[in-house]
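Student: Top to bottom, those sequences are chains A and Z.
Number 193 in our numbering belongs to position 193 of the first sequence; there are no gaps in the numbering.
Number 289 in our numbering belongs to position 289 of the second sequence; there are no gaps in the numbering.
Encoded as structure tokens, here's the structure I'll be asking about.
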Amino acid sequence: MDTLLTQILNSLFYASILFLIACGLSLVYGVMRIVNMAHGSLYAVGAYVAAWAVGLVASYLHVSLLLVLLLIGAAAAALAGALLEPTLLRPLYQRPEEYQLLMTFGLLLILEDLMRMVWGPYPLTASALSEFFPSISVLGATYPGYNIFVIVVGGAAAVGLWAFIYRTRFGILLRATSQNMRMASALGVDVKRIYVQAFTIGCLMAGLGGAVVMPLSGAVLGMGVDALILAFVVVVIGGLGSLEGALVGALIVGAVRTLGIMYFAEIELAVLYLIAAVVLFLRPAGLFGRA
Amino acid sequence: MPEEVSRRDFLNRLGVTIGAAAASAGSLVVPTPAEAQQSFQAKGKVPTTPYKTGHMTFFTGPAAVLGEPSYKGHILAAEEINAQGGLLGKRKIETVKADEAAGTDANVKELRRMKLSEKIDCFTGVISSGNTPALGPVAEELKTLTLFTDGCTDFLFEKAVPNPHYVFRVTNIQSADGVMAAIAASMAWPKVTKIAHIHPDYSYGRNAFDHFNIAMKKLSGNIQVVSEAWPKLGTTEFTAHITKTISAKPDLLFTSVWGGDYIALYKQALRYDLFKKMKVATTLAFGVVPQAIGKDHPAGVVAGVHANYHFLYPAGNRWLPNAQFVKKYYDRWKEYPTFESEGAYTALHMLRVAVEKANQLVGGWPDDQAIIAMLEGLMYAAPAGYTYIRPDNHQGYKDALTGFLVNSPDYAFPVWDLKRVITVPIRSITAPPGYPKGEPTTTYKWIEETWPKSA
């Protein structure tokens, strides 16, 4: 029983991280029709900047204040997004998709190398943050308090993003642009501005994901590529361009992976791709995708 | 009915030493890095063209935490040799580097390119066990003198390159990892029977799993595997693996997770109180640069170093090659060396010694055949201890070792408890030359067939 509950919490924890990575990828595709291959690298930027910022001031500040520094990681990724969209992506919208893929893939490689140049080849850690939350006892099992914090952050991000897109004027413009960019533009929507804002929000979510996961797993070279692959699995299941899809996809992947580890340890590697394959076979556009 | 002996007799028979003076030289005269160079006089006319080495290791991705120290060890040795004028005092070593993270196929192409267009004289490095079996046969085909400094799978010289001529490997064989962890665990915790495993799902993890289990069966009698988890290499999210492991209520967790993955694993395991609930043995907790592991890591864990080298051992000034190496390495790079640094450093110095010996025999610059003849059977006083190249399979042999983690006020990171370092002569835990080949490795078969069961 205690194991079951712990594993459910583990699934939610993993789903939270997956959602934070995947929602931005999906949002950017939904609005701009761009598959951002560098999305995982922005997640890594969030982790590295947060680890660096925490390391810089860890000895001066109380741990609870360090939590605020996680937002610096998210902000750094958002800033990178705000700079990258107008300079590198905007000139390519009129071109075929291959150009955008090549550009964002090149960006992935450059960001990976930049992170190595700036922060070196060794992992950065800042586990004071995860130690700050005491482990709690759930039906006799020990569960890390920080993981609960991550679940709360993931949940809050989902609710916040939903409210933002469905309950604000900006959200209406965003959805209008997503549904028909030309018509929105003809009606006076500043599409350029919507694009840069959507891209920045996408990067912000990725950076937030990287920052909150950093106290548990460190900032490691290559984490962005790994995250990108997982995000793709999530959006393939949920449907590229759909926020609900990203949320449901993340929950499914979180739960199935945990089940796989628990009962079919040997096929852990394959299990995520198997679900993705099944979904692609039954619903090629994903569960919530628009064909 | 297999022979039964007491565990203590059995360990004595293996030649297990704990925290004692290893590297007792006896009457062997073996060159050490510093002495040998100063007294050397080259015979005949040696050209002054640079000697080009190609060093391949991980510079990007999660394995850079192993690759960077490998490169630093290589460069340190090259700088030392070049400070003496180069190989034979004449040929300066130049290094072309290549990123192993490019993938196996690209690595094979890169080796060809380095040989054919960069005209390297010698190929060194390589960390992944997935890469050495692909690169070995190509190096033979290209007739490129090759000194692998890791990529230590048993498969390389058993199957991929069964009759090596140009290819050597200076670091210990992979099967030693699992066996050493089993020896340490069975000595420290003789009552352990229920074992949980967490391993990266590729050849290295499988190898560690197999050899730990077979050695543990022989050393501790009837063990029972109560939980297995096979995370993908590069995973940094282990919560479900940890919960599964704890729920199986094992006495011992054995894990070969390494690099950034291990850092994530231990930090997350801490929060679940895993270390309070079971004993833990690893093959590579100390494989990364020392400062990458925090002092929050619980003490008493078997902290493996790939059965190769930890910078504190042999300790103090008892073994000059290590004392000198650690000091030079620290002065040069402002960090302590790892087993990867030691392997890359030792490979280049063994090459130097072989070239010098060959020069004394043939005069002038010796050709590869003469260098190979000298490398075969070479015994060298490396920082880790005596390293010997077995002529029949070109595999480097030295004492395998592992230790227990302790937090000492002298260092900003955890280190080995020097009173409890465990060393075993590698011949005691590896199939002898000529032993019939078997599955999954010859050593596995040899342990299964010849080791007594200790009672």
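Yeah, the Cβ is synthetic: ideal placement off N, Cα and C, and Gly gets one too.
As the structure is a prediction and not an experimental result, all values here were calculated from the model.
Bridge partners of Z:Glu-228, per DSSP?
Tutor: Residue numbering aside, residue 228 of chain Z sits at position 228 when the second sequence is read from its first letter. DSSP output for Z:Glu-228 lists Z:His-197 as bridge partner(s).
Student: Counting C-beta neighbours from all protein chains within 10 Å, is the total for Z:His-306 16 or more, i.e. buried, or is it exposed?
Tutor: Along the second sequence, read from residue 1 onward, the residue named residue 306 of chain Z stands at position 306. Counting of Cβ neighbours within 10 angstroms places Z:His-306 among the buried residues, the total reaching 16 or more.
Student: I need the DSSP call for Z:Gly-304, collapsed to helix, strand or coil.
Tutor: Position 304 of the second sequence holds residue 304 of chain Z. Note: Z:Gly-304 maps to strand in three-state DSSP.
Student: In chain Z, which residues lie with their C-beta within 7 angstroms of the C-beta of A:Val-191?
Tutor: Residue 191 of chain A sits at position 191 when you count from the first residue of the first sequence. Close partners of A:Val-191 in chain Z (Cβ separation under 7 angstroms) are lacking, with about 37 angstroms as the shortest Cβ gap.
Student: Give the residues from the stretch 218-249 of chain A that approach chain Z closer than 7 angstroms (Cβ to any Cβ), ordered along the chain.
Tutor: Gly-218, Val-220, Leu-221, Gly-222, Met-223 and Asp-226
Student: Rounded C-beta distance between Z:Lys-398 and Z:Ala-384? I'm assuming under 8 angstroms.
Tutor: Translated into positions along the second sequence, residue 398 of chain Z becomes position 398. Translated into positions along the second sequence, residue 384 of chain Z becomes position 384. Yes, Z:Lys-398 and Z:Ala-384 are in contact; Cβ-Cβ is about 6 angstroms, under 8 angstroms.
Student: With a cut-off of 9 angstroms, does the C-beta of Z:Asp-296 fall near any C-beta of chain A?
Tutor: Taking the first residue of the second sequence as 1, we reach residue 296 of chain Z at position 296. Yes, because at least one Cβ of chain A sits closer than 9 angstroms to the Cβ of Z:Asp-296.
Student: What ranges does the alpha helix (DSSP H) occupy inside the stretch 62-109 of chain Z, keeping only unbroken runs of at least 4 residues that lie completely in it?
Tutor: You should have 64-83.
Student: What does Z:Lys-62 touch in chain A if you count any residue whose Cβ is under 9 angstroms from its own?
Tutor: The sequence position of residue 62 of chain Z within the second sequence is 62, counting from 1. Going by the sequence as given, residue 62 of chain Z is Pro instead of Lys. Correct list: Pro-123, Val-220, Leu-221, Gly-222, Met-223 and Asp-226.
Student: Quick one: grab the DSSP three-state call for A:Gln-94.
Tutor: Along the first sequence, read from residue 1 onward, the residue named residue 94 of chain A stands at position 94. In the structure shown, A:Gln-94 sits in coil (DSSP, three-state: anything other than H, G, I, E or B).
Student: Roughly how many angstroms separate the alpha carbons of A:Ala-231 and A:Leu-18, rounded to a whole number?
Tutor: The count along the first sequence starts at 1 and reaches residue 231 of chain A at position 231. The count along the first sequence starts at 1 and reaches residue 18 of chain A at position 18. When rounded, the distance between both Cα atoms is 6 angstroms.
Student: Going by the DSSP bridge assignment, what does A:Ser-137 pair with across the sheet?
Tutor: Stepping through the first sequence from its first residue, residue 137 of chain A is reached at position 137. Bridge partners of A:Ser-137: A:Thr-142.
Student: Exposed or buried, which one is A:Val-49 when buried takes at least 16 other CB atoms within 10 Å?
Tutor: Indexing the first sequence from 1 puts residue 49 of chain A at position 49. Counting Cβ neighbours within 10 Å, A:Val-49 comes out buried, since at least 16 surround it.
Student: Does DSSP classify Z:Phe-212 as helix, strand or coil?
Tutor: One-based indexing of the second sequence puts residue 212 of chain Z at position 212. If DSSP states are grouped into helix, strand and coil, Z:Phe-212 belongs with the helices.
Student: For Z:Ala-23, which residues of its own chain have a beta-carbon under 6 angstroms away from its beta-carbon, when the five flanking residues on both sides are left out?
Tutor: To locate residue 23 of chain Z, count along the second sequence from 1; it is residue 23. Confidence at Z:Ala-23 is low in this model, with a pLDDT of 45, below 50, so its placement is unreliable and the value that follows should be read with caution. Pro-314, Trp-319 and Gly-385.
Student: Does the CB of A:Tyr-143 have a neighbour CB from chain Z at under 9 angstroms?
Tutor: As a working note, residue 143 of chain A is residue 143 in the first sequence. So yes, A:Tyr-143 belongs to the interface.
Student: Okay, do the stretch 165-176 of chain Z and the stretch 216-227 of chain Z touch, 3+ Cβ pairs below 8 angstroms being the bar?
Tutor: no
Student: Taking just the CA atoms, how far does Z:Ile-75 sit from Z:Thr-53?
Tutor: Looking up residue 53 of chain Z in the second sequence gives position 53. Looking up residue 75 of chain Z in the second sequence gives position 75. Each residue's Cα considered, the two are about 11 angstroms apart.
Student: Thinking Z:Thr-146 and Z:Ala-139 are a contact (beta carbons under 8 angstroms), I'd like their distance in whole angstroms, please.
Tutor: Here residue 146 of chain Z corresponds to residue number 146 of the second sequence, with the count starting at 1. Here residue 139 of chain Z corresponds to residue number 139 of the second sequence, with the count starting at 1. Indeed they touch by this definition, with Cβ atoms about 4 angstroms apart.
Student: Please confirm whether A:Leu-251 has its beta-carbon closer than 9 angstroms to some beta-carbon of chain Z.
Tutor: In the first sequence, residue 251 of chain A corresponds to position 251, counting from 1. Residue-level contact check: A:Leu-251 does not touch chain Z, since none of the beta carbons of chain Z fall below 9 angstroms from its beta carbon.
Student: Any beta carbon of chain Z sitting closer than 9 angstroms to that of A:Met-37?
Tutor: By 1-based counting over the first sequence, the position of residue 37 of chain A is 37. With 9 angstroms as the cut-off, A:Met-37 does not count as an interface residue toward chain Z.
Student: Would you decide whether A:Ala-277 is buried or exposed? Buried here means 16 or more other CB atoms lie within 10 Å of its CB.
Tutor: By one-based count along the first sequence, residue 277 of chain A stands at place 277. Answer is exposed; the Cβ neighbour count stays below 16.
Student: Against chain Z, with Cβ distances strictly below 9 angstroms, would A:Leu-269 count as a contact?
Tutor: Here the question's residue 269 of chain A lines up with position 269 in the first sequence. Chain Z contact via Cβ: present.
Student: In chain order, what residues of the stretch 257-278 of chain Z put their CB closer than 7 angstroms to some CB of chain A?
Tutor: Gly-260, Ile-263, Ala-264, Lys-267, Gln-268, Arg-271, Tyr-272 and Asp-273
Student: Can you find at least 3 beta carbon pairs, one from the stretch 134-146 of chain A and one from the stretch 64-76 of chain A, that sit closer than 8 angstroms?
Tutor: no
Student: Determine whether the Cβ of A:Val-49 lies closer than 9 angstroms to any Cβ atom of chain Z.
Tutor: In the first sequence, the residue the question calls residue 49 of chain A occupies position 49. So, not an interface residue.
Student: So for Z:Lys-52, helix, strand or coil by DSSP?
Tutor: By 1-based counting over the second sequence, the position of residue 52 of chain Z is 52. Correct three-state label for Z:Lys-52: strand.
Student: Is A:Ala-74 close to chain Z? Criterion is C-beta to C-beta, closer than 9 angstroms.
Tutor: Sequence index remark: in the first sequence, residue 74 of chain A carries index 74 (1-based). No, A:Ala-74 does not count as interfacial toward chain Z.
Student: Whose C-beta lies closer than 6 angstroms to the C-beta of Z:Pro-337 among residues of the same chain, with five residues either side of it excluded?
Tutor: Locating residue 337 of chain Z in the second sequence gives position 337, counting from the first residue. Hits under 6 angstroms: Phe-311 and Tyr-329.
Student: Using three-state DSSP, classify A:Ser-185 as helix, strand or coil.
Tutor: Here residue 185 of chain A corresponds to residue number 185 of the first sequence, with the count starting at 1. For A:Ser-185, the secondary structure class from DSSP, reduced to helix, strand or coil, is helix.
Student: Quick check on DSSP: helix, strand or coil for Z:Leu-142?
Tutor: For the purposes of this step, residue 142 of chain Z is taken as the residue at position 142 of the second sequence. Note: Z:Leu-142 maps to coil in three-state DSSP.
Student: Nearest-angstrom Cα distance between Z:Ile-81 and Z:Ser-117?
Tutor: Stepping through the second sequence from its first residue, residue 81 of chain Z is reached at position 81. Stepping through the second sequence from its first residue, residue 117 of chain Z is reached at position 117. So the alpha carbons of these two residues sit roughly 25 angstroms apart.
Student: Compare the C-alpha of Z:Ser-175 against each of Z:Pro-137, Z:Ala-215, Z:Ile-18 and Z:Ile-198 and name the closest.
Tutor: Position 175 of the second sequence, counted from the first residue, corresponds to residue 175 of chain Z. Ranking the options by Cα distance to Z:Ser-175, first place goes to Z:Ala-215.
Student: Mind listing which residues of the stretch 223-257 of chain Z have their C-beta closer than 7 angstroms to chain A's C-betas, in chain order?
Tutor: Glu-228, Ala-229, Trp-230, Pro-231, Lys-232, Gly-234, Thr-236, Glu-237, Thr-239, Ala-240, His-241, Thr-243, Lys-244 and Ser-247
Student: Buried or exposed: which applies to A:Ala-186, given that a residue is buried once 16 or more other Cβ atoms fall within 10 Å of its Cβ?
Tutor: Stepping through the first sequence from its first residue, residue 186 of chain A is reached at position 186. Burial is judged here by how many other beta carbons sit within 10 angstroms of a residue's own beta carbon; A:Ala-186 has fewer than 16 and is exposed.
Student: Once DSSP output is grouped into helix, strand and coil, what is the label at Z:Gln-41?
Tutor: As a first step, residue 41 of chain Z is located in the second sequence; it is residue number 41 there, counting from the start. Coil, per DSSP.
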